[in-house]
């Protein structure tokens with residue numbers, strides 16, 4: 001199994017001293033658990049009615065073996081509209097504080113510099129930006145805090161991304177965006193980068209399939225994160241319309257990602273993913 005490392009410039013739950021900072025180290029494909037504290041996320045919107053319920057879910061994911069728990073307070077489903085920073089913060093901060101108190105490594109799923117800054121101060125250790133770190137202020141927040149970041153490819157915004165996505169060569173365009181974005185982020189002082197091709201973010205079925213078939217190429221540079229849990233792509237391939245019933249398809253897709261060199265997958269059902277990955281690895285994956 002391939003070994004991976006994610007560097008930080010400050011202590012992180014589960015991390016080890018590494019040079020001038022700290023690192024999370026793992027072998028094979030790790031799992032990032034999803035905790036959305038939103039009323040309108042496509043799969044689990046409104047599922048966590050209280051911060052306590054969200055904290056309990058995140059603690060359970062960490063206990064099951066999630067390397068990180070990703071907390072989001074703004075939906076990025078197709079057609080979603082932005083929420084004010086103060087509202088996003090009111091949703092995520094109590095959950096981040098509760099998980100950090102439980103020694104859970106937390107990532108904050110946001111594109112807002114102010115939200116990222118407050119979340120990192122509250123105990124988050126990683127910024128997961130689905131808009132690809134395009135905002136220089138967000139890059140500065142990550143650099144100043146000594147926090148690594150996930151750089152995701154998205155064409156357009158959540159509100160517009162699925163209206164008419166178009167590419168000449170989707171694999172070349174996405175890989176170039178990720179490579180250049182990672183180079184810029186590291187040059188500006190962000191300690192480490194994970195890249196994510198953004199399955200379902202401004203992409204039609206044929207674009208998603210082309211990227212999934214090209215994962216070995218995309219996984220040849222920075223650690224690669226794939227987040228396709230319960231997404232529309234699985235309905236397109238399986239016919240299953242209910243997002244919460246798409247976990248078997250999510251497992252199939254994420255095992256393909258693991259076989260293609262992905263460092264991490266982002267999933268709603270953490271325990272099932274870890275069981276599937278352990279079995280797959282055990283038979284020679």
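Residue numbers (my numbering): 1 to 285.
Note that CB positions come from ideal geometry on N, CA and C, so glycine has one too.
Here the structure is a predicted model, which means the values were calculated and not measured.
If we count the other Cβ atoms within 10 Å of its Cβ and call it buried at 16 or more, is residue i buried or exposed?
i           : result
residue 148 : buried
residue 220 : exposed
residue 61  : buried
residue 197 : buried
residue 41  : At residue 41 the pLDDT is 48, less than 50, meaning the model places this residue with poor confidence and gives no usable figure here.
residue 183 : exposed
residue 216 : exposed
residue 243 : buried
residue 298 : The first residue shown for the chain is 1 and the last is 285, placing residue 298 beyond what the model contains.
residue 10  : exposed
residue 202 : buried
If you reduce the DSSP assignment to three classes, tell me which class residue i lands in.
i           : result
residue 162 : coil
residue 224 : strand
residue 172 : helix
residue 188 : coil
residue 141 : helix
residue 149 : strand
residue 181 : helix
residue 12  : coil
residue 278 : helix
residue 197 : coil
residue 209 : helix
residue 115 : helix
residue 121 : helix
residue 267 : strand
residue 17  : strand
residue 42  : Any answer about residue 42 is weak, because its pLDDT of 46 lies below 50 and its placement is not dependable; what the coordinates show is given next. Of the three classes helix, strand and coil, the one that applies to residue 42 here is coil, per DSSP.
What are the boundary residues of the beta strand (DSSP E) that includes residue i?
i           : result
residue 32  : 30-36
residue 5   : 3-8
residue 25  : 21-27
residue 251 : Where residue 251 is concerned, there is no enclosing beta strand (DSSP E), although the alpha helix (DSSP H) it sits in stretches over 247-259.
residue 215 : No beta strand (DSSP E) contains residue 215, which is instead part of the alpha helix (DSSP H) from 215-218.
residue 67  : No beta strand (DSSP E) contains residue 67, which DSSP labels as neither H nor E.
residue 109 : 106-109
For residue i, report the span of its alpha helix (DSSP H) as first-last.
i           : result
residue 234 : 232-238
residue 88  : 85-101
residue 55  : 51-64
If residue i and residue j are in contact, beta carbons under 8 Å, what's the gap, nearest whole angstrom?
i           : j           : result
residue 29  : residue 262 : 6 Å
residue 27  : residue 3   : 5 Å
residue 33  : residue 270 : 4 Å
residue 314 : residue 83  : Nothing about residue 314 can be read from this structure; the chain reaches only from 1 to 285.
residue 150 : residue 126 : 7 Å
residue 52  : residue 37  : The Cβ separation is near 11 Å, so there is no contact.
residue 283 : residue 253 : At roughly 19 Å, the Cβ-Cβ gap does not stay under 8 Å, so residue 283 and residue 253 are not in contact.
residue 256 : residue 209 : Actually they are not in contact, since the Cβ atoms of residue 256 and residue 209 sit about 11 Å apart, beyond 8 Å.
residue 16  : residue 22  : 6 Å
residue 153 : residue 168 : The Cβ separation is near 15 Å, so there is no contact.
residue 228 : residue 250 : 6 Å
residue 31  : residue 66  : 5 Å
residue 189 : residue 143 : 3 Å
For a quick check, are the C-beta atoms of residue i and residue j less than 9 Å apart?
i           : j           : result
residue 195 : residue 237 : no
residue 99  : residue 73  : no
residue 69  : residue 107 : yes
residue 145 : residue 24  : no
residue 193 : residue 231 : no
residue 204 : residue 165 : yes
residue 277 : residue 258 : yes
Using a Cβ-Cβ distance cut-off of 9 Å, determine whether residue i contacts chain D.
i           : result
residue 279 : No chain D is part of this structure, which consists of one protein chain only.
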